[in-house]
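Contents: one structure, followed by commentary.
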Amino acid sequence: MTDAAMTAGVTTRRPMGIETEFGVLHADARQRMQGGASSAIMLSHLTVASVALLDEDPARRGRRVRWDYGDETPLRDARGFEITRAAAHPSQLTDEVRDAHVPMLDVPSVDADAPVQASERAPEGDDAAILEWAVRRSIGNAVLSNGARWYVDHAHPEYSSPEVMTAREGVLVDRAGELVAQEAMRRLDAVDGVPSVVLYKNNTDSKGASYGTHENYLLARDIPFDRVVEALVPFFASRCVITGSGRVGRGTHGQEPGFQISSRADFFENVVGLETTLNRPIVNSRDEPHADARLHRRLHVIIGDATQLESATYLKLGMTSLVLAALEAEHRTGEEILPRIELADPVAAVHAISHDPTLRATVPTRDGEQLTALQIQRAHAEAIAAVADMSDAETADVIGQWLELLDLLERDPALAADRVEWAAKLSLLETYRARHGLDWADPRLQMIDLQFADLRPERSLYAKLRAAGRVRTLVTEAEAAEAVTAPPRSTRAHLRGALIGAHPAHVDSAGWDVITLAGENGGARIRLADPAIGSAPWCAERGIDPHADPEDVLAALRRL
Amino acid sequence: MTQQFVTGPGHGEDDSAEDPTAQGGQTFASVQGSDDLLDEIDAVLETNAETFVRSFVQKGGE
Chain B
1 MTDAAMTAGV TTRRPMGIET EFGVLHADAR QRMQGGASSA IMLSHLTVAS
51 VALLDEDPAR RGRRVRWDYG DETPLRDARG FEITRAAAHP SQLTDEVRDA
101 HVPMLDVPSV DADAPVQASE RAPEGDDAAI LEWAVRRSIG NAVLSNGARW
151 YVDHAHPEYS SPEVMTAREG VLVDRAGELV AQEAMRRLDA VDGVPSVVLY
201 KNNTDSKGAS YGTHENYLLA RDIPFDRVVE ALVPFFASRC VITGSGRVGR
251 GTHGQEPGFQ ISSRADFFEN VVGLETTLNR PIVNSRDEPH ADARLHRRLH
301 VIIGDATQLE SATYLKLGMT SLVLAALEAE HRTGEEILPR IELADPVAAV
351 HAISHDPTLR ATVPTRDGEQ LTALQIQRAH AEAIAAVADM SDAETADVIG
401 QWLELLDLLE RDPALAADRV EWAAKLSLLE TYRARHGLDW ADPRLQMIDL
451 QFADLRPERS LYAKLRAAGR VRTLVTEAEA AEAVTAPPRS TRAHLRGALI
501 GAHPAHVDSA GWDVITLAGE NGGARIRLAD PAIGSAPWCA ERGIDPHADP
551 EDVLAALRRL
Chain R
1 MTQQFVTGPG HGEDDSAEDP TAQGGQTFAS VQGSDDLLDE IDAVLETNAE
51 TFVRSFVQKG GE
């Protein structure tokens, strides 16, 4: 086999995205003490509805694009897409509470269970009346014009980013999610008669509850899942040294004072499994590809931390995508690339690595070796560096930073504090501790941890670090603001988001792999079984301009 | 296990905590300017940390 064959495809490039569940709290201290966690569902609905329904534009006000869960029938068309006639007509588009094509089982969405009790349409009225209606009717889903899903998941507002193809795009759509959350807080603040809300980009209350920041990657279906698990366990157990957000307190209830590298580590109890809310596994086996299941698997990664440092998010996506690319190349070529490391006790390793910010702790392998997290990560980074396509700029950058940060972390984690979130947070905590002479049990340190993740710009300690130039940034404020309304160009999120942005009254519903567009003479349901279908280049090649008149878009689609 | 590796006042004894300025532009300006930052943090930090931390209660998610 030639070197060219080996390197082919080992890049960061693949369909990916991040789902973020935000912590949600009453802004008012008295309401917070009275409401406790029981108000979380109501606050989550207010948060989602404020962005989904409170629009000044009368065409958008009180109306959302419903979520389409997709359906189970496999796509028969080998081209990867399918257009079917839909009865939808703009005048028939009601803001039904029930989302489209809701499967009856196994969808943990508030919407799926919402009883239909009253009028289907948001009332004419002021913001408070619309919000009150949304809460009463459990409006829990919307699709945004950047292609994201914005919804209530259990008792948290969740932003599920549009699909992108690169780690940098992933950072951009993740930043857009922070801005959506900020917009929700501002809107609720401005409405009399509804509570103000504070949103947090973190993963635990340190009282036993954890909420997720999940990554999704599309992966070749033909790799045996056992091999996927074997390859990912040592990588996932140790990647937090670069991707961890840091956390004050140890144990699910923060019962032991101290600092640890990962906010999520203590909530993991299993190596592999389907669950996400209890007995959480290092490798989650959920597999709904939202794409052609004969070709693709969706790897749903639940072991990541919520991060605000853009470099941390960028490297998390880039490094993980590269490991998957190496895994695919191994399968394709039969040549070993990734290190063969079998941890003796993976769950114990996750905890031990997270609990040691000195990075000196070792974890045993089945071969009887003792490895540090830095050694495990270095073995991955070097193995991938040897085969990756370094002509791809992002790939070379991710690998370069990966290796460089491992060196810096080895010397002194504080040297990585401009890019590694736990190191940034720990540096801040240590200087604060030194100034006030605090021990780790002092509640002010847990306060700093929480307020680091507070998304209100004037309160956020992360924002202070950023404003002081202490952390690197990858995207500009203007780019992030644009990504709130404009979808990424690289995937089907382009078609979904651009149609919603240009013709909100004509998009009946949308999901990851489906869009229903209404027209005067009937509509179309478009199924997209490959995330590349519907991208800006794909649309341009086929003469589909999502901003054109909806009838022209429908005509162009029917010509396909 | 020590958690004293971070540069900052009073942790100079560990030999991994070399002079950060000698390490080629990648440093976190941990001492210079940190006073201003800490002042800002003191200014925005919730006044009653203990009460706030107790009231930060979430439901599980995912």
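So the sequence lines, in the order shown, correspond to chains B and R. For the first sequence, UniProt numbering begins at 1 and goes up steadily by one. For the second sequence, UniProt numbering begins at 1 and goes up steadily by one. Glycine included, each C-beta is placed from N, C-alpha and C at the ideal position. Remember, it's a predicted structure, so these values are computed and weren't measured experimentally.
Check: residue i C-beta below 8 angstroms from any heavy atom of the ligand ATP
i, result
"V57 of chain R", "In terms of ligand content, the structure shown is empty, and the ligand ATP therefore cannot be addressed."
Closest Cα partner of residue i within the set the options
i, options, result
"P504 of chain B", "B:W422, B:I261, B:L53, B:T213", "B:L53"
"D28 of chain B", "B:E19, B:V171, B:L188", "B:L188"
"E21 of chain B", "B:L172, B:R14, B:V171, B:K201", "B:K201"
"R66 of chain B", "B:E342, B:I41, B:G147", "B:G147"
"A155 of chain B", "B:G23, B:V228, B:A379", "B:G23"
"L338 of chain B", "B:M319, B:F267, B:L517, B:D545", "B:M319"
"L25 of chain B", "B:R61, B:A265, B:S44", "B:S44"
"A483 of chain B", "B:L144, B:A417, B:F235", "B:L144"
"L179 of chain B", "B:T11, B:W150, B:I500, B:E256", "B:W150"
"A293 of chain B", "B:I282, B:A306, B:L218", "B:L218"
"G249 of chain B", "B:P413, B:D545, B:D205", "B:D205"
"R419 of chain B", "B:T313, B:A532, B:R14, B:T12", "B:T313"
"G244 of chain B", "B:S238, B:P257, B:S262", "B:S262"
"T476 of chain B", "B:V173, B:T11, B:G17, B:V48", "B:V173"
"P357 of chain B", "B:K207, B:R247, B:A344", "B:R247"
"D77 of chain B", "B:G17, B:G543, B:R527", "B:R527"
"R459 of chain B", "B:M185, B:A122, B:G251", "B:M185"
"S296 of chain B", "B:T12, B:A417, B:M16, B:V10", "Inspection of the sequence shows that residue 296 of chain B is occupied by His rather than by Ser. The option with the nearest alpha carbon to H296 of chain B is B:M16."
"S50 of chain B", "B:N141, B:V553, B:R298, B:G80", "B:N141"
Helix, strand or coil at residue i [DSSP, three-state]
i, result
"M1 of chain B", "Low confidence applies to M1 of chain B: its pLDDT is 43, below 50, so where it sits in the model is not reliable, and the reading given next is rough at best. In this structure, M1 of chain B counts as coil in the three-state DSSP scheme."
"A114 of chain B", "With a pLDDT of 38 at A114 of chain B, under the threshold of 50, the predicted position of this residue should be treated as unreliable, though the coordinate-derived value follows. DSSP places A114 of chain B in coil when its eight states are reduced to three."
"H296 of chain B", "strand"
"T11 of chain B", "coil"
"R85 of chain B", "strand"
"M319 of chain B", "helix"
"F236 of chain B", "helix"
"V53 of chain R", "helix"
"S210 of chain B", "strand"
"D305 of chain B", "coil"
"P257 of chain B", "strand"
"residue 563 of chain B", "This structure leaves residue 563 of chain B out entirely; chain B is present only between 1 and 560."
"G543 of chain B", "coil"
"G249 of chain B", "strand"
"residue 74 of chain R", "The question about residue 74 of chain R has no answer here: the residues shown for chain R are numbered 1 through 62."
"L474 of chain B", "coil"
"Y69 of chain B", "coil"
"G501 of chain B", "helix"
"A190 of chain B", "helix"
"R175 of chain B", "helix"
Contact list for residue i against chain R, beta-carbon separation under 8 angstroms
i, result
"L495 of chain B", "Neighbours of L495 of chain B on chain R: none; closest Cβ ~29 angstroms, over 8 angstroms."
"D153 of chain B", "G61, E62"
"I448 of chain B", "I41, L45"
"R459 of chain B", "V44"
"Q401 of chain B", "In chain order: nothing, as chain R lies at least about 11 angstroms away."
Residues that residue i contacts on chain R, provided the C-beta gap is smaller than 9 angstroms
i, result
"I261 of chain B", "Per Cβ cutoff of 9 angstroms: no residues; I261 of chain B is ~11 angstroms from chain R at best."
"E21 of chain B", "G61, E62"
"P504 of chain B", "The premise fails here: P504 of chain B is roughly 29 angstroms from chain R at the closest Cβ pair, so nothing lies under 9 angstroms."
"H331 of chain B", "What H331 of chain B touches in chain R: nothing, since even the nearest Cβ is about 29 angstroms away."
"A37 of chain B", "V57, Q58, K59"
"L25 of chain B", "S55, F56, V57, Q58"
"I302 of chain B", "E62"
"M33 of chain B", "T51, R54, S55"
Neighbour list for residue i in chain R, Cβ cutoff strictly below 7 angstroms
i, result
"R435 of chain B", "L38"
"P443 of chain B", "A49, E50, V53"
"Q375 of chain B", "What Q375 of chain B touches in chain R: nothing, since even the nearest Cβ is about 16 angstroms away."
- Mind listing which residues of the region 205-230 of chain B have their C-beta closer than 7 angstroms to chain R's C-betas, in chain order? D205, K207, A209, S210, Y211, G212
- Message: Please identify, using Cβ separations under 7 angstroms, the residues of the region 265-294 of chain B that lie next to chain R, in order along the chain.
- Response: T276, T277
- Which ranges would you report for the beta strand (DSSP E) in the region 353-423 of chain B if only whole runs of at least 3 residues count? 362-364, 370-372
- Query: Closer than 9 angstroms, Cβ to any Cβ of chain R: which residues of the region 39-68 of chain B, in chain order?
  - Reply: A40, I41
- Within 7 angstroms of chain R by C-beta, residues of the region 464-486 of chain B in sequence order: K464, A468, R470
- Message: Closer than 7 angstroms between beta carbons: that is the criterion. Which residues of the region 154-186 of chain B meet it against chain R?
- Response: H154, A155, H156
- Task: Only counting runs of 3 or more residues, tell me where the beta strand (DSSP E) segments fall wholly within the region 13-52 of chain B, in order along the chain.
- Result: 16-21, 23-26
- Could you tell me which uninterrupted beta strand (DSSP E) segments, each at least 3 residues in length, are contained entirely in the region 117-160 of chain B, listed from first to last along the chain? 141-143, 149-153, 156-160
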